[in-house]
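**Q** In full-length UniProt numbering, the protein residues as written are 1 to 678.
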């Protein structure tokens, strides 16, 4: 008998082999990588702000600051938990104070605390909120850290870094208040929806009562007009006419059935009356809850206006230069000039000891705070919402404190990427940018240019004041006026927040001033599309954007895809994310990507390694952050994944150029681009 076989031992794993990652492990890895990227971005921003605040720092001091920031970021990553997701909210119509606030400041004990207890909810996905949590923590810790690391960073009497620290803390507090308002806004939206449901239920009960009453009324009228025989057909029975008996009894049965139906309608009407009382009570309760939620919104906005009223002009000036992202070429010069001009204006007020008053104190030209006089237009009429002060021998326009806060916060977002439908804090569209800026000033605006046009008082183009909302022809774009013919906005033409000129034929509104009558609708049409986007033209379009050269786009101007270090222009990244979600729903796996944005250095490396396949450095479509190379089956022409892409990628803005398609000049089934750029 043959000897029994010895079962084979499992093969030992190869040295260095990696075990397969589970879904949760892969998600955790993606989150860790996103957090690390966020920390690196935060360190770069903090060092840039430090260099601006302390031009006298030596290279050795900057190196010490960089090392300290790296250590602080590692500590934050280990000990900080990030808040959970919050649903996006639509913004209601602008809220404005209804009464004039006295000039006296409220005692601190009456003010609501601007800090909230830290959330203990663990987040389950990577995204911009991870980076925001790191930035918020660094906002409060970096100034103190730099003070310890760098001797002479501050003095007991205060210095440049003191103002920077105050500005960082002020922005953090304003962002906290804005988050609190948005949470209340969600509650108010829910309460309004409940009120509408209660009203609909009440109307349904009323309709049911009306229908029953019509039945009862018609039956009562028939009974009133009916003869005794018609009312009681049995009275028509005749012993002399036995042949008619069956017909009479049938008629009697029909009459009795009608009577029972009438009685049922009467009972239903009585019961529905009780249901109506309950429905009316529910409407009253829902109305009270909605009114309370609206009151909470008003209180939150009032608290935010009090908060910005406490900001000094010196802190507001420093706030305007925090967090900006460099632009390219002439656009960067123009952005810097706008910031410098604004800071110069605030420094002028600071030197003269002028504190911008609240908007409520500028509503009546005949009753202005001391030292201010009515601002007059060319016709000698008072200009609403602003005042004049005299510095030296010249009049200077004094803006409300809310406008100062809104403009300073708006300038601090220079260079941020443009993405349709977003309201910050990392990306914006045009309406989302103006709404987010003015919310930090204590005014809630809708998120679309058309709705914002109706939220303020219309002003003539020759009477523009800083902070006014300016709408180019067509009403699909909006920006914040900065003076000297400049407007600040998130532009779909440059794909970033930047300064541009006021377009001819524009219209404008002043946010803190309530319109006396509804503004006429803006005329449709215009030379550009939404948020200033160029109107589409047939054929291939230029991939160049933002003034950057191929492969020279800074990472701050791009959005991460959540996979390794892959990044695209932010609107392309949003399309890629949506496409990835749809692909995952179809195939149960994430999109596989091997290449996205290539810097010039990466292009040179790729060309050196694969000269026959890679483009000449400086000419690659990947250098515009608008192209991806995909894998996981998409790289095989004719596969199920590739066929899905050809059928669905266009819905998310991605196409495969003709040269890369099967049978093309240079078939690359893995290559896809955001729009027709080649």
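For every residue, glycine included, the Cβ atom is placed at its ideal position computed from N, Cα and C. Just so you know, these numbers come straight off a predicted model, no measurement behind them.
Give me the Cβ distance between residue 410 and residue 488, rounded to the nearest whole Å; I'm assuming they're in contact under 8 Å.
**A** Going by Cβ atoms, the distance from residue 410 to residue 488 rounds to 6 Å, so yes, they are a contact pair.
**Q** Return the CA-CA distance between residue 436 and residue 655, expressed in angstroms with no decimal places.
**A** Their backbone Cα atoms lie some 33 Å apart in a straight line.
**Q** What does the Cβ neighbour count give for residue 543, buried or exposed, with the cut at 16 atoms within 10 Å?
**A** Per the 10 Å Cβ criterion, buried.
**Q** Going by DSSP in three states, residue 566 sits in which element: helix, strand or coil?
**A** The answer is coil: DSSP assigns residue 566 none of H, G, I, E or B.
**Q** Where does residue 672 fall in DSSP's three states?
**A** Here residue 672 sits in strand by DSSP.
**Q** To the nearest angstrom, how far is it from the Cα of residue 250 to the Cα of residue 234?
**A** Near 9 Å, if we compare the C-alpha coordinates of residue 234 and residue 250.
**Q** Would a C-beta distance cut-off of 9 Å place residue 439 and residue 178 closer than the cut-off?
**A** Yes. Within cutoff.
**Q** What does a CB cutoff of less than 8 Å around residue 525 pick up in its chain, not counting 5 residues either side in sequence?
**A** Around residue 525: 473, 474.
**Q** Can you tell me whether residue 106 is helix, strand or coil according to DSSP?
**A** A caution first: residue 106 carries a pLDDT of 41, below 50, which makes its placement in the model unreliable, though a value can still be read off. Correct three-state label for residue 106: coil.
**Q** If we count the other Cβ atoms within 10 Å of its Cβ and call it buried at 16 or more, is residue 561 buried or exposed?
**A** With 16 or more Cβ atoms within 10 Å of its Cβ, residue 561 is classed as buried.
**Q** Taking the straight line between their C-alpha atoms, what separation do you get for residue 671 and residue 627?
**A** Their Cα atoms are separated by approximately 7 Å.
**Q** Along the chain, where does the beta strand (DSSP E) containing residue 531 start, and where does it finish?
**A** That residue, residue 531, is in no beta strand (DSSP E); it is neither H nor E in DSSP.
**Q** If you follow the alpha helix (DSSP H) that residue 401 is part of, which residue opens it and which one closes it?
**A** 401-411 is the extent of the alpha helix (DSSP H) around residue 401.
**Q** Could you check the C-alpha separation between residue 648 and residue 215 for me, to the nearest Å?
**A** So the alpha carbons of these two residues sit roughly 56 Å apart.
**Q** I need the DSSP call for residue 628, collapsed to helix, strand or coil.
**A** Three-state DSSP puts residue 628 in a strand.
**Q** Nearest CA to the CA of residue 334: which residue from 240, 352, 497, 266?
**A** Nearest C-alpha to residue 334: 497.
**Q** Compare the beta carbon distance of residue 565 and residue 553 with 9 Å and say whether it is the shorter of the two.
**A** Contact: no.
**Q** Write down the C-beta distance between residue 699 and residue 546 rounded to the nearest angstrom, noting that I regard them as a contact closer than 8 Å.
**A** Outside the displayed range of the chain (1 to 678) lies residue 699, so it cannot be described from this structure.
**Q** Just curious, the alpha helix (DSSP H) that residue 345 is in, first and last residue?
**A** Its alpha helix (DSSP H) spans residues 329-352.
**Q** Out of 510, 578, 303, point me to the one whose CA is closest to residue 458's CA.
**A** Looking at the Cα atoms, 510 is the closest of the given residues.
**Q** Could you say which of 632, 340, 197, 324 lies nearest to residue 317 if we only look at CA atoms?
**A** It is 340 whose Cα lies nearest to the Cα of residue 317.
**Q** At the level of alpha carbons, what is the spacing between residue 563 and residue 651?
**A** Looking at the two C-alpha atoms, the distance is approximately 22 Å.
**Q** Suppose only complete runs of 3+ residues qualify. What are the beta strand (DSSP E) ranges in the segment 469-545, listed by chain order?
**A** Qualifying beta strand (DSSP E) stretches, in chain order: 469-471, 479-483, 486-491, 496-501, 507-510.
**Q** Round the Cβ separation of residue 678 and residue 621 to the nearest angstrom and send it over; I've been treating them as touching at under 8 Å.
**A** The pair is a contact, with the Cβ atoms about 5 Å apart (cut-off 8 Å).
**Q** Could you tell me whether the Cβ atoms of residue 396 and residue 389 are closer together than 9 Å?
**A** In this structure, residue 389 lies closer than 9 Å to residue 396 by Cβ.
**Q** Rounded C-beta distance between residue 490 and residue 428? I'm assuming under 8 Å.
**A** Contact holds; Cβ gap of about 4 Å.
**Q** From this set, 433, 353, 376, 201, which residue's C-alpha is nearest residue 281's C-alpha?
**A** Measuring from the Cα of residue 281, the nearest candidate turns out to be 201.
**Q** Would you kindly work out how many angstroms separate the C-alpha atoms of residue 304 and residue 162, rounded to a whole number?
**A** Rounded to whole angstroms, residue 304 to residue 162 spans 23 Å at the Cα level.
**Q** What number of angstroms, rounded off, separates the C-alpha of residue 592 from the C-alpha of residue 625?
**A** Rounded to whole angstroms, residue 592 to residue 625 spans 17 Å at the Cα level.
**Q** Taking the C-alpha atoms as reference points, what is the distance between residue 296 and residue 172?
**A** Answer to the nearest angstrom: the Cα atoms are 22 Å apart.
**Q** So, residue 559 versus residue 574, is the Cβ gap smaller than 9 Å?
**A** Yes, these two residues count as a Cβ contact at 9 Å.
**Q** Identify, in the order they occur along the chain, each residue of the same chain with its Cβ nearer than 8 Å to the Cβ of residue 103, setting aside the five sequence neighbours on each side.
**A** Confidence is the limiting factor: at residue 103 the pLDDT is only 41, short of 50, which leaves the residue's position unreliable, though a coordinate-based value still follows. Cβ neighbours of residue 103 beyond the five flanking positions: 357, 361, 369.
**Q** Would you mind working out which of 484, 227, 466, 325 sits nearest residue 557, comparing C-alpha positions?
**A** Of the listed residues, the one whose Cα sits closest to residue 557 is 325.
**Q** Less than 6 Å between C-beta atoms, sequence neighbours within five positions excluded: which residues of the same chain meet that for residue 572?
**A** The residues are 626, 674.
**Q** Could you give the residue range of the alpha helix (DSSP H) that holds residue 438?
**A** Counting along the chain, the alpha helix (DSSP H) containing residue 438 begins and ends at 430-439.
**Q** Do residue 645 and the ligand HEM come close, with the Cβ less than 8 Å from some heavy atom?
**A** The model on display carries no ligand, and the ligand HEM is accordingly not part of it.
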